[in-house]
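To start, the structure under review is shown below, and the notes come after it.
Protein chains: 2
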Amino acid sequence: MHLTSYTDYALRTLVYLGTRQGLALAKIKDIANIYNISNNHMSKVVYELGQLGLIKTIRGKNGGIKLALPPEEINIGEVVRKTENLHIVECFDRNNNTCIISSACKLKFILHEALQTYLGVLDNYTLADVVSNRFDLLEIFNFHEKNA
Amino acid sequence: MHLTSYTDYALRTLVYLGTRQGLALAKIKDIANIYNISNNHMSKVVYELGQLGLIKTIRGKNGGIKLALPPEEINIGEVVRKTENLHIVECFDRNNNTCIISSACKLKFILHEALQTYLGVLDNYTLADVVSNRFDLLEIFNFHEKNA
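Chain order of the listed sequences is A and B.
Quick note on numbering that gives the first Met the number 0: the first sequence kicks off at 0 and runs consecutively.
Quick note on numbering that gives the first Met the number 0: the second sequence kicks off at 0 and runs consecutively.
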């Protein structure tokens, strides 16, 4: 049971941008370097986060990206609901279900209840909670940027 | 966020055996047919469930497999904890973590809390709850076995 790498990097990107609130705009290549993933993969994550209205791209010479909302308005549960494939088991995806017992199976209700509870915990937190120690995070980012 | 196919089929196997409690011993090939997976994959699942003390293999001409415990003693949360890879994100697996922010990252605590809550819901159920409608399930299994 893993989050997809897309959700993982979407969250990490938000942490990076939340940490750097009020500083210079961020560059995709710097975030890609920090997390050691390709520019191409990071560009896709940034594009999708833009589509979701979570980050803003400023064009031009001193352009870059930043959060589109204050960190306290970015709910972690909402981000995961929007980015993650939540088909815990095959029968959660009606279009691709081949399990013959699904019409009578009680497991799906139990797994659904567990998933909702999982997301409910995430709903209790915003990006502001995650970057409440932003100076510790900033120190890590700055160290890695200097030594890149 | 999917359960691995191993956990999925482990649960389905337990549902099959829980439904057939008190009937003739089950055959691996019948369970494999019912769920449309290879005998080889099903044999591995059955072997692991045996190692976990959840199912018993009876050898000989009329041999087969059955639950090693009554369904009410097989806890769903416990099965998932034993079968699933619970490394929701990279940093949950200390041996394979490359994320540079993990020492200061608060996301991991939030995801850990959510995961524990997820498993806590599953802990509330046993296989007996899952097969409480065993006659409905049996009807499905019998129909598919006759039409295989």
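Virtual Cβ for every residue (Gly too), placed ideally from N, Cα, C.
(request) Inspect the beta-carbon positions of H86(A) and H40(B) and report whether they are closer than 8 Å. (result) Here residue 86(A) refers to the residue found at position 87 of the first sequence. Here residue 40(B) refers to the residue found at position 41 of the second sequence. For H86(A) and H40(B), no; Cβs fall outside 8 Å.
(request) Determine the burial state of F108(A): buried for a count of at least 16 other Cβ atoms within 10 Å of its Cβ, exposed for fewer. (result) Counting from one through the first sequence, the residue named residue 108(A) turns up at place 109. Exposed.
(request) Could you check what DSSP says for G17(B) in three-state terms: helix, strand or coil? (result) The count along the second sequence starts at 1 and reaches residue 17(B) at position 18. Helix, per DSSP.
(request) Please determine, among A25(B), R93(B), T116(B), the residue with the shortest C-alpha to C-alpha distance to I57(B). (result) Along the second sequence, one-based indexing puts residue 57(B) at 58. If we check each option's Cα against that of I57(B), A25(B) comes out closest.
(request) In the DSSP assignment, find the alpha helix (DSSP H) that holds L114(B) and state where it starts and stops. (result) As a first step, residue 114(B) must be located in the second sequence, where it is residue number 115. Counting along the chain, the alpha helix (DSSP H) containing L114(B) begins and ends at 106-122.
(message) Determine, for D128(B), whether the minimum Cβ-Cβ distance to residues of chain A falls below 8 Å.
(response) Numbered from 1 along the second sequence, position 129 holds the residue referred to as residue 128(B). D128(B) counts as touching chain A.
(request) Give me the Cβ distance between T18(B) and F142(B), rounded to the nearest whole Å; I'm assuming they're in contact under 8 Å. (result) Translated into positions along the second sequence, residue 18(B) becomes position 19. Translated into positions along the second sequence, residue 142(B) becomes position 143. That pair is no contact at about 13 Å.
(message) Residues in the same chain with beta-carbon distance under 7 Å from E71(A), minus the five sequence neighbours each way, listed in chain order, please.
(response) Counting from 1 along the first sequence, the entry for residue 71(A) is found at position 72. Hits under 7 Å: T125, A127.
(message) Under 8 Å: do the region 100-118 of chain A and the region 59-66 of chain A share three or more Cβ pairs, one atom per stretch?
(response) no
(message) To the nearest angstrom, how far is the alpha carbon of Y46(A) from that of A103(A)?
(response) As a working mapping, residue 46(A) is identified with position 47 in the first sequence. As a working mapping, residue 103(A) is identified with position 104 in the first sequence. Approximately 41 Å between the Cα atoms of the pair.
(message) Pop quiz: K105(B) and S42(A) are said to be a contact at Cβ under 8 Å. What is the actual Cβ separation, rounded to whole angstroms?
(response) For the purposes of this step, residue 105(B) is taken as the residue at position 106 of the second sequence. For the purposes of this step, residue 42(A) is taken as the residue at position 43 of the first sequence. Rounded, the Cβ-Cβ distance is 26 Å, inconsistent with contact.
(request) Report the rounded CA-to-CA distance for V14(A) versus K55(B), giving the unit in angstroms. (result) Residue numbering aside, residue 14(A) sits at position 15 when the first sequence is read from its first letter. Residue numbering aside, residue 55(B) sits at position 56 when the second sequence is read from its first letter. One C-alpha to the other measures close to 49 Å.
(message) Taking 8 Å as the limit between beta carbons, can you name the residues of its chain near K145(B), skipping five residues before and five after?
(response) Taking the second sequence and counting its residues from 1, one reaches residue 145(B) at position 146. Answer for K145(B): no residue qualifies.
(request) Could you check which residue in L136(B), C98(B), V44(B) has the C-alpha nearest to that of I30(A)? (result) As a first step, residue 30(A) must be located in the first sequence, where it is residue number 31. The shortest C-alpha separation from I30(A) is found at C98(B).
(request) Pull up the CB-CB distance for L110(B) and R80(B), whole angstroms please, since I reckon it's below 8 Å. (result) Position 111 of the second sequence holds residue 110(B). Position 81 of the second sequence holds residue 80(B). Actually they are not in contact, since the Cβ atoms of L110(B) and R80(B) sit about 16 Å apart, beyond 8 Å.
(message) With distance defined between alpha-carbon atoms, name the residue in L121(A), Y8(A), Y34(A) nearest to I75(A).
(response) Within the first sequence, the letter at position 76 stands for residue 75(A). For the set L121(A), Y8(A), Y34(A), the Cα lying nearest the Cα of I75(A) is the one of L121(A).
(message) Taking only three categories from DSSP, how would you classify K81(A)?
(response) In the first sequence, the residue the question calls residue 81(A) occupies position 82. K81(A) falls in the helix class under three-state DSSP.
(message) So with CB distances below 9 Å, who are the chain B contacts of M0(A)?
(response) Position 1 of the first sequence, counting from 1, holds the residue named residue 0(A). M0, H1, L2, T3, T6, V79, E83, N84, L85, H86, I87, L114, Y117, listed in chain order.
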